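Residue numbers (the numbering used here), protein chains in the order written: chain A, 1 to 471; chain B, 1001 to 1100.
For every residue, glycine included, the Cβ atom is placed at its ideal position computed from N, Cα and C.
Small disclaimer: the values here were computed from a predicted structure and weren't measured.
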């Protein structure tokens, strides 16, 4: 490797670090993404073989034609996925891309393992362990991401458990570790290929078994975790291929992804272990919460809500996943603009885990051209909620459930919520009385100052816009 | 230095990079507001698409039908991850703008 290439590799690493740094501030986020992409391009141009010679300066073989074809196919798949996906389906897309990355990492690790094992000098224990780790984690990330994708698409949303699942998972894990140990020592043995295939198969199965018991509402945390897994698998691949850029990029993703996972769990006030293994402990206990709801449900009509809104001074909108499902973000923006013209102060209260991904609501509202300085985070808006005239809850449920404050037996007790019940009038827009994703009743709906506006969120909002215009 | 000790030295060096990168990764995102969690996840997702490099290297070396096919799949997957990842992140972020 020439020293110019080595120096350029440092530039690539710096571009990745700066890219992630810029991504964590709203002003520079878009630039950050481009900076990271520039780093990727530079890394690709100066890509080196294991012996340090430039990849692109070799004689052109048929394999290089295949590389170009494969890259172009991937580019087309990626572009179609990225530009055709609806904003509401963004989390699924990230899950899918992550799964592909994990699959690629596992394939690269498998091929490296086989190549090293069959070479004359054999595989060093260091590389063998790194490759087994990458195969394991990459496969797990691949199958786990696909299950996460299916769950977010609304298929098999519910947590799935069966008796003895814990024991089975434990056994599989033991077999996996045993196989890893065997393969590290006997990488060149004739039985190694078979053992390796079994290992990869078990890892794929383990990814499914790990994600299946987790409810759809927790998929963001799962995707974030699998994202950091893929990063670590890529870093491990970087060890074998001797590519520093891959090690740096993979590790950055691994560690920042782990922190992001923890931040998400913290926003829900739940330990990671509870998210990942919670379904096993709580079977059947949650349904009982329905009893003890005091008060009655008070429905309201759109015309009446429009009057309340039009003559309010301060209105806070609390969006939730229901808004995403109804594709109602544009109607919400129309309503808030209409209210703004009348001099009503409108803000959006964003719960960190509203929707299917942290920041999901921000992305949706940004798509509808709601300026981001109108979006207020939960901690900032809560202290002033009792000075809000009307709080409009659109398709949110668990994130405004006062049981988190009041009911010690509730599964969400202790989770920070938006204090929608503190405002003067709370309007809850909902399709039906079905429970939220956590599967528990919401005491907010029964409060004296709460009115329910039933119906599809988009249709209701359009009716509100028309009624506000008329009033 | 012998080749073996040079190899061992190189492995220690990459482990060194690995450990430092862990801390950098944690440090750079420690102050991210929750509104940027999704774009950040999507952006880091694109960055691990660097696995495309690995796919290219194994496919360049592939000499049997099996390794060629698997390497090719790895390149397609990695390429979709890296290009799709950056594009989808950019699409999310271009919508974050202030009211004019």
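Excluding the five sequence neighbours on either side, which residues of its own chain have a C-beta within less than 7 angstroms of the C-beta of residue i, listed in chain order?
| i | result |
| --- | --- |
| residue 462 (chain A) | 331 |
| residue 255 (chain A) | none |
| residue 465 (chain A) | 331, 334, 335, 338 |
| residue 38 (chain A) | 15 |
Ordered along the chain, which non-local residues of its own chain (more than five positions away) have a Cβ less than 8 angstroms from that of residue i?
| i | result |
| --- | --- |
| residue 297 (chain A) | 433, 445, 446, 452 |
| residue 308 (chain A) | 389, 390, 425, 427 |
| residue 158 (chain A) | 215, 216 |
| residue 473 (chain A) | Lying before the first or after the last residue shown, residue 473 (chain A) is absent from chain A, which here runs from 1 to 471. |
First and last residue of the beta strand (DSSP E) that includes residue i?
| i | result |
| --- | --- |
| residue 451 (chain A) | 450-454 |
| residue 264 (chain A) | Note, residue 264 (chain A): premise wrong, no beta strand (DSSP E); alpha helix (DSSP H) at 244-267. |
| residue 319 (chain A) | 314-319 |
| residue 429 (chain A) | 425-430 |
| residue 1096 (chain B) | Where residue 1096 (chain B) is concerned, there is no enclosing beta strand (DSSP E), given that its DSSP letter is neither H nor E. |
| residue 392 (chain A) | 390-394 |
Note down the Cα distance separating residue i from residue j, rounded to an integer number of angstroms.
| i | j | result |
| --- | --- | --- |
| residue 47 (chain A) | residue 428 (chain A) | 56 angstroms |
| residue 310 (chain A) | residue 316 (chain A) | 13 angstroms |
| residue 241 (chain A) | residue 423 (chain A) | 59 angstroms |
| residue 287 (chain A) | residue 440 (chain A) | At residue 287 (chain A) the pLDDT is 39, less than 50, meaning the model places this residue with poor confidence; the figure from the coordinates comes in the next sentence. Taking the straight line joining both Cα atoms gives about 7 angstroms. |
| residue 324 (chain A) | residue 381 (chain A) | 22 angstroms |
| residue 258 (chain A) | residue 21 (chain A) | 16 angstroms |
| residue 77 (chain A) | residue 33 (chain A) | 20 angstroms |
| residue 1096 (chain B) | residue 210 (chain A) | 35 angstroms |
| residue 177 (chain A) | residue 273 (chain A) | 21 angstroms |
| residue 344 (chain A) | residue 313 (chain A) | 5 angstroms |
| residue 29 (chain A) | residue 411 (chain A) | 36 angstroms |
| residue 180 (chain A) | residue 369 (chain A) | 51 angstroms |
| residue 958 (chain B) | residue 63 (chain A) | Only positions 1001 to 1100 of chain B appear in this structure, which leaves residue 958 (chain B) out of reach. |
| residue 1091 (chain B) | residue 1008 (chain B) | 44 angstroms |
What is the C-beta distance between residue i and residue j, in whole angstroms, given that I count them as a contact (C-beta under 8 angstroms)?
| i | j | result |
| --- | --- | --- |
| residue 23 (chain A) | residue 1039 (chain B) | 6 angstroms |
| residue 55 (chain A) | residue 1060 (chain B) | 6 angstroms |
| residue 245 (chain A) | residue 134 (chain A) | That belief does not hold up - the Cβ atoms of residue 245 (chain A) and residue 134 (chain A) are roughly 16 angstroms apart, past 8 angstroms. |
| residue 253 (chain A) | residue 1044 (chain B) | 4 angstroms |
| residue 220 (chain A) | residue 91 (chain A) | 7 angstroms |
| residue 66 (chain A) | residue 35 (chain A) | Incorrect: roughly 30 angstroms between the Cβ atoms, too far for contact. |
| residue 349 (chain A) | residue 417 (chain A) | That pair is no contact at about 10 angstroms. |
How far does the alpha helix (DSSP H) with residue i in it extend, from its first residue to its last?
| i | result |
| --- | --- |
| residue 379 (chain A) | 378-381 |
| residue 349 (chain A) | From DSSP, residue 349 (chain A) is part of no alpha helix (DSSP H) but of the beta strand (DSSP E) over 345-350. |
| residue 100 (chain A) | 90-118 |
| residue 180 (chain A) | 165-185 |
| residue 223 (chain A) | 219-241 |
| residue 198 (chain A) | 192-211 |
| residue 364 (chain A) | 360-367 |
| residue 413 (chain A) | Run containing residue 413 (chain A): none; DSSP gives neither H nor E here. |
Whose C-beta lies closer than 6 angstroms to the C-beta of residue i among residues of the same chain, with five residues either side of it excluded?
| i | result |
| --- | --- |
| residue 267 (chain A) | 352, 353 |
| residue 206 (chain A) | 140, 172 |
| residue 13 (chain A) | 248 |
| residue 386 (chain A) | 422 |
| residue 80 (chain A) | none |
| residue 470 (chain A) | none |
| residue 85 (chain A) | 93 |
| residue 128 (chain A) | 184, 187 |
| residue 169 (chain A) | 209 |
| residue 392 (chain A) | 317, 427 |
| residue 282 (chain A) | Bear in mind that the predicted position of residue 282 (chain A) carries a pLDDT of just 44, short of 50, making it unreliable; the figure below should be weighed with that in mind. Excluding sequence neighbours, residue 282 (chain A) sits near nothing in its chain. |
Contact residues within the stretch 1042-1069 of chain B, judged by C-beta distance below 8 angstroms to chain A: 1042, 1043, 1044, 1045, 1046, 1047, 1048, 1049, 1050, 1051, 1052, 1053, 1054, 1055, 1056, 1057, 1058, 1059, 1060, 1061, 1062, 1067, 1068
Determine which residues of the stretch 386-417 of chain A have a Cβ less than 8 angstroms from any Cβ of chain B, and write them out in chain order. none
Near-chain A residues of the stretch 1002-1018 of chain B (beta-carbon distance less than 7 angstroms), N- to C-terminal order: 1011, 1014, 1017, 1018
Interface positions of the stretch 348-372 of chain A facing chain B (Cβ-Cβ less than 7 angstroms), listed along the chain: 350, 352, 357, 358, 359, 360, 362, 363, 366, 367, 371, 372
The stretch 187-203 of chain A: positions lying closer than 8 angstroms to chain B by Cβ: none
Residues of the stretch 4-18 of chain A with Cβ closer than 7 angstroms to any Cβ of chain B, in chain order: 16, 17
Given a limit of 7 angstroms on CB to CB distance, which residues of the stretch 236-248 of chain A reach chain B? 237, 239, 241, 243, 244, 245, 246, 247, 248
If the cut-off is 9 angstroms on Cβ atoms, which residues from the stretch 266-280 of chain A count as contacting chain B, listed in chain order? 267
Positions along the stretch 17-35 of chain A whose CB lies within less than 8 angstroms of some CB in chain B: 17, 19, 20, 21, 23, 24, 25, 26, 29, 30, 32, 33, 34
What residues in the stretch 334-349 of chain A bring their beta carbon closer than 9 angstroms to a beta carbon of chain B? none
According to a CB-to-CB cut-off of less than 9 angstroms, which residues of the stretch 107-120 of chain A neighbour chain B? 107, 108, 109, 110, 111, 112, 114, 115
Proximal residues, the stretch 148-178 of chain A versus chain B, C-beta separation under 8 angstroms: none
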